[in-house]
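Taking our numbering, the leading residue of the sequence shown gets 190, the next gets one more, and so forth. No residue lacks a Cβ here, since even glycine has one placed at the ideal position from N, Cα and C. This structure is a prediction, so every number in the text was calculated from the model and none was measured. Note sheet for the following structure.
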Amino acid sequence: MSDLNSTGNEPRTDLEIFSWGYDERLSWLGAAWECADNGHYYELPVNQEDLIGLLRAGVHHSSALHCKLNVLTSTFEPTALLSRAEFKKLAFNFLVTGNGYLSAERNRFGKVLGFKNRLSVYMRRSSKKYEKDGYFYLRSHVIATADFIPKSDVIHLMQPDLVQEVYGIPDYLAGLSSAELNHSATTFRRRYYDNGSHAGFIVYATDNNMNNDDWNNLKDQFKKAQREGNFRNVFLRSPDGKPEGIKLIPISEVAAKDEFLNIKGVTSQDMLTIHRVPPSLMGVVPTAAGGLGDARTAAEVFAANEIEPIQAAFLEANDAFGADVFRFKPYTLATVGK
């Protein structure tokens with residue numbers, strides 16, 4: 190039997206689902222791996238801004254790259270054409286994006302005075318459709334405001350790729366999913382605590398004394414109960430209400446099924462594996478009783494297997510340019526007491 194006071198248009202239930210929000214930190218790598226020709230230059234096969242975003246999100250990912258950068262910089266010897274500061278910028282771009290660019294600075298007679306680093310995220314290789322052979326240094330990603338640099342004035346260092354030879358590709362791409370998952374696990378745990386250490390609940394209301402305005406006000410109060418307001422008290426007055434008129438039903442118990450530590454552990458191992466950096470050189474706290482082994486031995490093996498091949502890639506540019514741009518000294522560790 191229908192209610193005599195009902196018009197027949199009111200909904201029998203009121204359901205609304207809302208979340209605390211999710212910021213998509215960055216878009217994933219593009220599907221177009223080939224270097225498209227836009228008539229002026231070749232497009233990048235990988236969005237390098239995404240690579241930079243992941244560098245700032247993955248703890249082990251960032252630590253491994255900075256470890257390589259510090260060791261590589263410590264072995265560099267400044268030359269008449271390249272300072273230590275410019276080399277460190279170049280090496281950082283090379284390790285993160287797979288590309289490193291140096292542009293020559295000449296005097297009025299055309300003599301090379303030195304080299305300056307160019308940010309790889311803004312450098313583009315001119316295409317065959319363009320009348321000149323060289324590189325564009327974009328400003329605000331607009332070709333009309335780009336600086337054109339002749340090929341003879343650019344040293345382009347790149348990590349090799351299997352499908353194209355226009356741009357370099359970093360060798361850690363296989364570990365990006367682990368870096369993203371590691372960041373997502375940390376973000377979820379942080380938001381869980383910011384939300385008052387609960388994953389949400391269902392507000393089940395059967396109290397007929399609440400009108401639409403009261404119900405909307407209650408929903409607004411729950412929406413505001415996040416971060417600084419996650420311990421907010423909500424007062425509800427219903428003189429003739431029943432004790433079971435409003436109930437909070439937890440959706441799930443996160444603490445019982447939380448995989449946070451497992452995810453952090455597995456993904457951190459993935460990132461250490463893809464970068465091939467010993468944990469003892471990155472400040473990783475050992476969890477096993479045996480520790481992480483001898484740090485000195487690990488550093489020497491790391492320098493021989495990882496740093497020296499990178500140095501060789503830089504030294505090849507000396508032969509290509511015909512000048513002593515790069516020079517390195519052997520990697521050595523200080524002796525205790527000296």
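Annotated as proximal: S316 and D226, with beta-carbon spacing under 8 Å. For E294, the secondary structure class from DSSP, reduced to helix, strand or coil, is strand. In the assembly as shown, D459 is a buried residue. Its beta-carbon has 16 or more other beta-carbons within 10 Å. The criterion of a C-beta distance shorter than 8 Å is satisfied by A488 and L470. Residue state for K436 is assigned as strand, using DSSP reduced to three classes. In the three-state scheme derived from DSSP, where H, G and I count as helix and E and B as strand, V301 is classed as strand. For F325, no alpha helix (DSSP H) encloses it; the enclosing beta strand (DSSP E) starts and ends at G323 to R328. A straight line joining the alpha-carbon of S272 with that of A512 spans about 15 Å. A contact is defined here as three or more CB-CB pairs under 8 Å, and the segment 283-294 meets this definition with respect to the segment 302-316. Contact annotation: F304 and E294 have beta-carbon atoms nearer than 8 Å.
Positions of the beta strand (DSSP E) runs, each at least 3 residues long and wholly inside the segment 309-383, are given as 312-314, 323-328, 331-339 and 343-347 in order along the chain. For D459, the enclosing alpha helix (DSSP H) begins and ends at F449 to H464. The criterion of a C-beta distance shorter than 8 Å is satisfied by A253 and V466. L504 and R485 have their alpha carbons spaced roughly 26 Å apart. As DSSP reads the structure, R273 sits in no beta bridge. Under the 10 Å beta carbon count, Y356 is surrounded by 16 or more other beta carbons and is classified as buried. A distance of 8 Å or more separates the beta carbons of T262 and F283.
Residue burial is scored here from C-beta neighbours: Y393 has fewer than 16 other C-beta atoms within 10 angstroms and is therefore classed as exposed.
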